[in-house]
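Asker: All the letters of the sequence shown, read from the start, carry residue numbers 38 to 287 under the working numbering.
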Amino acid sequence: MASSAAAAADLGLEEKLRLLVAAYPETIAGIADGRLTFHDGGEPLLIDDGKVKDHFAKLAQGDVEDSLSQDYPIGPCETKPAVNFDPGRIRSDPLMMRLYGVSAREVERSLVKVAWFGESVRVTKRQGAAAALEKVRDELKSKPELKKYLSPSAGTFNWRKVANAPNMSVHSFGAAIDINTRFADYWIWSGGKPGKVPNYANKFPMAIIDVFERHGFIWGGRWYHFDTMHFEYRPELIAIARESGHSACP
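1. Which two residues bound the contiguous beta strand (DSSP E) that contains L289?
2. Considering D215, what are the terminal residues of the beta strand (DSSP E) in which it resides?
3. By alpha-carbon positions, which one of G87, V89, A69, K88 ends up nearest to E80?
4. Determine which residues share a DSSP beta bridge with R159 and list them.
5. In this structure, does DSSP put G258 in helix, strand or coil?
6. Where does K198 sit, in a helix, a strand or coil, going by DSSP?
7. So what's V187 in DSSP terms, helix, strand or just coil?
8. By DSSP, does G165 sit in helix, in strand, or in coil?
9. Leaving out five residues on either side along the sequence, give the residues of the same chain with a beta carbon under 6 Å from the beta carbon of V207.
10. What does DSSP give as the partner residues of E269 in its beta bridges?
11. From D103 to N204, what does the alpha carbon distance come to, in whole angstroms?
12. Please report the distance separating the alpha-carbon of K117 from that of A238.
13. Using the Cβ count rule (16 or more neighbours within 10 Å means buried), how would you classify G257?
14. Of all the options R146, G67, G229, which has the alpha carbon lying nearest to the alpha carbon of K162?
15. What whole-angstrom Cβ distance do S190 and I216 have, given they're in contact under 8 Å?
16. Going by the beta-carbon positions, is the gap between S281 and A46 smaller than 7 Å?
17. Assuming L148 and G211 make a contact with CB atoms under 8 Å, what is their CB distance in whole Å?
18. Would you be able to state if there are at least three C-beta pairs under 8 Å between the region 246 to 253 and the region 270 to 278?
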């Protein structure tokens, strides 16, 4: 693995928020008085609660600002994340619920079937997630040697909390997909503990990761607390990486 992501210019919070708003035009209207506003006229969402949090408090009770605090690197190169570098694992549950639904029943109303290498998976159509996954599939179809890594899928929609954590999984919102577990490495399966995980050798071709990232998905293999089968739709983090130049390649 590469020792670190390539250096890049860090964006300020205001610039990151601009890209967040642009990534979800279906739902987010803009920013006013330190809050995100929404097209449905619902209660604005506080961006920064002002609380000092360590990494694990951010994971458990992240706000919008916390969710943008680590810059995800993109590109067809592997990285060796620093301890507790988990860009994208920190999320604001209230924001995710505004984007996708506050309950399993509400999320399910927006799920559509996406053909996935001989099977069918259910993904939310909200925020363009299903359409983005279809683009991933269509691009990967041209590389039949990769099919064994992609299917069978280990799941998409599943309303649940993150394993051993109080916050919601992105699978809850139908905006994540796990690919073939036969090639997967996962920090909990490997005997890791929060803040102390073992080394592993990635088994997924970086060509797969590159295609997912190009269409707005982040990869759990970029996390210190790794989950290499996992991809989730986070177009704001990909947009931030592109604008800032945060590359996984030296």
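Backbone N, C-alpha and C define an ideal beta-carbon position, used for all residues, glycine too. The model shown is predicted, which means the values in this text are computed figures rather than measured ones.
Answerer: Straight from the coordinates:
1. The requested residue 289 is not part of the displayed model; the chain covers only 38 to 287.
2. Counting along the chain, the beta strand (DSSP E) containing D215 begins and ends at 213 to 215.
3. Each of G87, V89, A69, K88 was checked against the Cα of E80, and the nearest Cα belongs to A69.
4. According to DSSP, R159 bridges with K150.
5. Taken through DSSP and simplified to helix, strand or coil, G258 comes out as helix.
6. Taken through DSSP and simplified to helix, strand or coil, K198 comes out as strand.
7. The sequence shown places Leu at residue 187, not Val. Here L187 sits in helix by DSSP.
8. Helix.
9. The residues are A213, E269.
10. Within the DSSP secondary-structure output, E269 pairs in a beta bridge with A213, I255.
11. Between D103 and N204, the C-alpha separation is close to 14 Å.
12. Looking at the backbone, the Cα of K117 and that of A238 are separated by about 10 Å.
13. The residue in question, G257, is buried, as its Cβ has 16 or more Cβ neighbours within 10 Å.
14. When the alpha-carbon of K162 is set against those of R146, G67, G229, the nearest one is in R146.
15. About 6 Å; that satisfies the 8 Å criterion.
16. The answer is yes: Cβ separation under 7 Å.
17. That belief holds up - the Cβ atoms of L148 and G211 are roughly 5 Å apart, short of 8 Å.
18. The count of Cβ pairs closer than 8 Å, one atom from the region 270 to 278 and one from the region 246 to 253, reaches three, so the stretches are in contact.
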